[in-house]
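Read the structure below first, then the notes.
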Amino acid sequence: MSTASIREQLSRKLNELPDDIVAEIADFTAFILARHRLPMPYLEWTEGQWRAMALSQFLRDADGDVEYTINDAEEVYVQ
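The opening position of the sequence shown corresponds to residue 21 in the working numbering, with each subsequent residue numbered one higher.
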């Protein structure tokens, strides 16, 4: 299994998990990064960056959501 497919599977699974489990995974990730002395850039995020991330998570694709493209918007605007 390639690294890309593992990342994709992890990403999909994370989106399905409850918030408390995601928080545990975030703690574990921070532990692993610290153990390997890798930077944790989100520790330095500003309030605006946290808001942008929260908004992007809120607006991420969800099952059953209607999606529109720029072409859809242009088509409606022109009509």
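Backbone N, C-alpha and C fix where the C-beta goes; we use that ideal spot for every residue, glycine too. In this text the structure is predicted, and so the values were computed from the model without any measurement.
For the alpha helix (DSSP H) that contains residue i, what are its first and last residues?
i             : result
leucine 11    : Any question about residue 11 goes unanswered here, given that the chain covers just 21 to 99.
tryptophan 17 : The structure shown does not extend to residue 17, since the chain spans only 21 to 99, so no value can be given for it.
Report all residues from its chain with a CB closer than 8 Å to the CB of residue i; omit the five preceding and five following residues, and keep chain order.
i          : result
proline 38 : none
DSSP three-state call for residue i: helix, strand or coil?
i            : result
proline 61   : helix
threonine 23 : helix
glutamate 95 : helix
glutamate 87 : coil
Suppose the cutoff is 7 Å on Cβ atoms and the five residues either side in sequence are ignored; what does the same chain contact list for residue i look like?
i          : result
alanine 50 : Met60
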